[in-house]
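Chains A and B, in that order, are what the protein sequence lines are.
Using this note's numbering, you'd call the opening residue of the first sequence number 16 and step up by one each time.
Using this note's numbering, you'd call the opening residue of the second sequence number 16 and step up by one each time.
Backbone N, C-alpha and C define an ideal beta-carbon position, used for all residues, glycine too.
Okay, so here's the structure we're looking at.
2 protein chains.
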Amino acid sequence: MTNKKEITAGIIIIGNEVLSGRTKDINTSTLAKWLNSLGIQVKEVRIIADDEAIIIETVNNLRKRFNYIFTTGGIGPTHDDITAESVSKAFNLNYGFHKEAYSILEKYYKPGEFNDGRQKMAKMPTTANLILNPTSGAPGFYVDNVFCLPGVPSILQSMIGGLNNILIGGDPILNLTISLRTVESEIAKSITEIQNKNKDVEIGSYPFFKAGKLGVSIVLRSSNRNKLDQCNKEILNFVNSKSIKIIEDV
Amino acid sequence: MTNKKEITAGIIIIGNEVLSGRTKDINTSTLAKWLNSLGIQVKEVRIIADDEAIIIETVNNLRKRFNYIFTTGGIGPTHDDITAESVSKAFNLNYGFHKEAYSILEKYYKPGEFNDGRQKMAKMPTTANLILNPTSGAPGFYVDNVFCLPGVPSILQSMIGGLNNILIGGDPILNLTISLRTVESEIAKSITEIQNKNKDVEIGSYPFFKAGKLGVSIVLRSSNRNKLDQCNKEILNFVNSKSIKIIEDV
Chain A
16 MTNKKEITAG IIIIGNEVLS GRTKDINTST LAKWLNSLGI QVKEVRIIAD
66 DEAIIIETVN NLRKRFNYIF TTGGIGPTHD DITAESVSKA FNLNYGFHKE
116 AYSILEKYYK PGEFNDGRQK MAKMPTTANL ILNPTSGAPG FYVDNVFCLP
166 GVPSILQSMI GGLNNILIGG DPILNLTISL RTVESEIAKS ITEIQNKNKD
216 VEIGSYPFFK AGKLGVSIVL RSSNRNKLDQ CNKEILNFVN SKSIKIIEDV
Chain B
16 MTNKKEITAG IIIIGNEVLS GRTKDINTST LAKWLNSLGI QVKEVRIIAD
66 DEAIIIETVN NLRKRFNYIF TTGGIGPTHD DITAESVSKA FNLNYGFHKE
116 AYSILEKYYK PGEFNDGRQK MAKMPTTANL ILNPTSGAPG FYVDNVFCLP
166 GVPSILQSMI GGLNNILIGG DPILNLTISL RTVESEIAKS ITEIQNKNKD
216 VEIGSYPFFK AGKLGVSIVL RSSNRNKLDQ CNKEILNFVN SKSIKIIEDV
């Protein structure tokens with residue numbers, strides 16, 4: 016099995032409502048699972064304020080470090096939606112009406128309803144590529160390796176599939192979960208030994224509490240199916256040798 | 016009303032399980048709401064991998080920029096729990112058994128059950144201050160302005176109250192939400208005008224979709240009660256003038 020180069024991504028969640036705790040971010044999970052399926056690993060997420068200087072600095076820092084950057088939030092019609100203008104400045108690109116986006120939105124709204132706020136959603140780097148929005152019309156966009164998506168989860172979810180043929184991924188990250196009726200400290204030593212023997216598999220250990228009982232989920236992740244299977248076998252051998260119960264439905 | 020200095024915080028979520036999308040982070044929301052109530056504003060959140068070099072770099076970067084840093088995750092008994100050792104290295108402090116933590120854990124477990132994994136949870140910067148854990152024994156700790164908490168939300172929640180008298184906050188951040196039966200683009204222009212006249216109030220606009228109907232929540236945030244009330248009055252005047260319906264139970 017050949018190993019392709021690792022393909023990486025960073026996510027920038029833009030929004031005071033997440034920093035204030037009012038809104039729980041679920042876009043990270045959506046994006047990470049989707050990217051994993053394309054063989055792209057999320058390496059870092061930053062949640063930042065609706066602040067132009069901070070957006071510019073964060074975009075310019077992360078876009079050099081990772082293959083792909085995804086931003087969420089700040090591309091709507093209101094005064095606090097400043098992502099499109101900030102990203103234009105980050106790339107030194109002209110911010111203004113994007114012809115194709117304007118045309119899409121003009122057709123989307125009834126005559127007379129395409130007001131200033133709605134027109135604002137057609138403003139972005141004028142040379143950007145669009146990310147179509149099958150839910151609510153207003154497109155996202157991308158410039159170079161920076162993909163700008165909306166913050167509303169259901170709209171974001173409806174748009175990402177359109178990027179499947181644009182992103183170039185690596186080997187898909189395979190994962191496998193074994194849930195055990197035990198506590199972490201009872202298995203820590205053995206799992207450490209197995210991790211040391213299986214360097215190409217990332218082993219995570221996550222305690223849980225469900226239906227009044229404690230358990231631990233062991234999660235194996237690797238892009239190499241054989242190595243994943245070998246590691247899984249070693250864990251099952253250990254689990255059997257200690258008579259630890261495997262839980263099927265976590 | 017005097018304005019105290021703004022007191023800021025950064026949050027570092029440590030865990031591959033969040034970056035992979037397997038686990039949705041809810042600790043940010045818990046911490047942010049609690050910190051707001053103490054007059055401390057979260058300015059940035061980073062979600063990073065279980066990687067020593069990255070943890071050290073992130074802790075050392077953020078602790079210089081914000082008054083307080085909170086880390087979550089990576090202080091359990093397993094091989095992937097490396098926060099305590101990494102934070103020790105970030106501060107050039109000795110990593111080893113913390114006497115008080117060891118004593119707490121030794122008493123917490125039954126004789127013979129205080130095994131290697133459990134003992135590992137007593138290892139941290141040896142001079143750290145402890146954050147007591149009323150749920151599951153193993154304490155968190157803090158060094159200087161960096162507070163290290165567990166990743167399991169229910170345990171984290173049970174521990175933060177113990178810090179209320181240790182953190183020094185600013186004026187509490189007051190907030191007020193007005194939910195409207197409208198869409199953002201219909202109110203964008205007027206809200207922008209109100210924001211421009213009320214610089215000391217942060218106005219956020221958040222569309223929602225509930226029970227089959229669209230709406231927008233306008234969220235006002237300020238540490239100044241009078242300015243918050245004034246801004247609220249201007250928004251209600253505008254809402255009444257346009258006969259936009261206010262929704263009470265969002």
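Exercise for the section: Rounded to whole angstroms, what's the CA-CA distance from E121 of chain A to Y83 of chain B? Just pull it up for me. Expected result: In the first sequence, counting from the first residue as 1, residue 121 of chain A sits at position 106. In the second sequence, counting from the first residue as 1, residue 83 of chain B sits at position 68. Distance between the alpha carbons of E121 of chain A and Y83 of chain B is about 47 Å.
Handout entry: Rounded C-alpha distance that separates T142 of chain A from T87 of chain A
Key = Within the first sequence, numbered from 1, the residue matching residue 142 of chain A stands at position 127. Within the first sequence, numbered from 1, the residue matching residue 87 of chain A stands at position 72. Rounded to whole angstroms, T142 of chain A to T87 of chain A spans 20 Å at the Cα level.
Practice task
Tell me, please, whether the CB atom of T197 of chain A is closer than 8 Å to any CB atom in chain B?
Solution key: Translated into positions along the first sequence, residue 197 of chain A becomes position 182. Chain B, which has no Cβ nearer than 8 Å to the Cβ of T197 of chain A, makes this no.
Exercise for the section: Pair every Cβ in the segment 51 to 64 of chain A with every Cβ in the segment 122 to 141 of chain A, then say whether three or more of these pairs are closer than 8 Å. Expected result: no
Exercise for the section: Would you identify the three-state DSSP class for R15 of chain B, choosing helix, strand or coil? Expected result: An answer regarding residue 15 of chain B cannot be provided, because it is not within the stretch 16 to 265 covered by chain B.
Problem - Span of the beta strand (DSSP E), counted from its first residue to its last, around M139 of chain A - result: Residue mapping note: residue 139 of chain A aligns to position 124 of the first sequence, counting from 1. First-last of the beta strand (DSSP E) with M139 of chain A: 138 to 140.
Exercise for the section: Report the option in B:V231, B:L34, B:R236 whose CA atom is closest to the CA atom of S194 of chain B. Expected result: Locating residue 194 of chain B in the second sequence gives position 179, where the first residue counts as 1. If we check each option's Cα against that of S194 of chain B, B:V231 comes out closest.
Exercise for the section: Take F112 of chain B and list the residues in its own chain whose beta-carbon comes closer than 8 Å to its own, dropping the five residues that flank it on each side. Expected result: Position 97 of the second sequence, counting from 1, holds the residue named residue 112 of chain B. Cβ within range, chain order: Q134, A137, K138, T141.
Practice task
Answer with buried or exposed for A226 of chain B, where buried requires no fewer than 16 other C-beta atoms within 10 angstroms of its C-beta.
Solution key: In the second sequence, residue 226 of chain B corresponds to position 211, counting from 1. Exposed is the call here.
Handout entry: Inter-stretch contact (C-beta, 8 Å, three-pair minimum) for the segment 202 to 212 of chain B and the segment 160 to 180 of chain B
Key = no
Exercise for the section: Measure the beta-carbon distance from I259 of chain A to T197 of chain A and round it to whole angstroms, keeping in mind my assumption that it falls under 8 Å. Expected result: Within the first sequence, the letter at position 244 stands for residue 259 of chain A. Within the first sequence, the letter at position 182 stands for residue 197 of chain A. Contact holds; Cβ gap of about 5 Å.
Problem - Presumed contact (8 Å Cβ cut-off) between N160 of chain B and R78 of chain B, rounded CB distance - result: Position 145 of the second sequence holds residue 160 of chain B. Position 63 of the second sequence holds residue 78 of chain B. The pair is a contact, with the Cβ atoms about 6 Å apart (cut-off 8 Å).
Exercise for the section: Starting from the beta carbon of N51 of chain A, find every residue of chain B whose beta carbon is closer than 8 Å, and list them in chain order. Expected result: Stepping through the first sequence from its first residue, residue 51 of chain A is reached at position 36. Neighbours of N51 of chain A on chain B, chain order: S35, G36.
Practice task
Please name the residue or residues paired with C246 of chain B in a DSSP beta bridge.
Solution key: Taking the second sequence and counting its residues from 1, one reaches residue 246 of chain B at position 231. DSSP output for C246 of chain B lists no bridge partner at all.
Practice task
Using DSSP bridges, identify the partner residues of T150 of chain B.
Solution key: Position 135 of the second sequence holds residue 150 of chain B. DSSP lists no partner for T150 of chain B.
Practice task
Note down, in chain order, every chain B residue with its Cβ under 8 Å from the Cβ of P92 of chain A.
Solution key: The residue labelled residue 92 of chain A in the question sits at position 77 within the first sequence. The answer, in chain order, is E199, S200, A203.
Practice task
Please list the partners that T207 of chain B has in chain A, where partner means a Cβ-to-Cβ separation under 8 Å.
Solution key: Position 192 of the second sequence holds residue 207 of chain B. Result: T93, H94.
Handout entry: Three-state secondary structure (DSSP) of P126 of chain B
Key = Counting from one through the second sequence, the residue named residue 126 of chain B turns up at place 111. If DSSP states are grouped into helix, strand and coil, P126 of chain B belongs with coil.
Handout entry: Residue(s) in a DSSP beta bridge with N190 of chain B
Key = For the purposes of this step, residue 190 of chain B is identified with residue 175 of the second sequence, where counting begins at 1. Its beta-bridge partners are B:R236.
Exercise for the section: Give the secondary structure of V198 of chain B by DSSP, where H, G and I count as helix, E and B as strand, and everything else as coil. Expected result: The sequence position of residue 198 of chain B within the second sequence is 183, counting from 1. Residue state, collapsed to three classes: coil.
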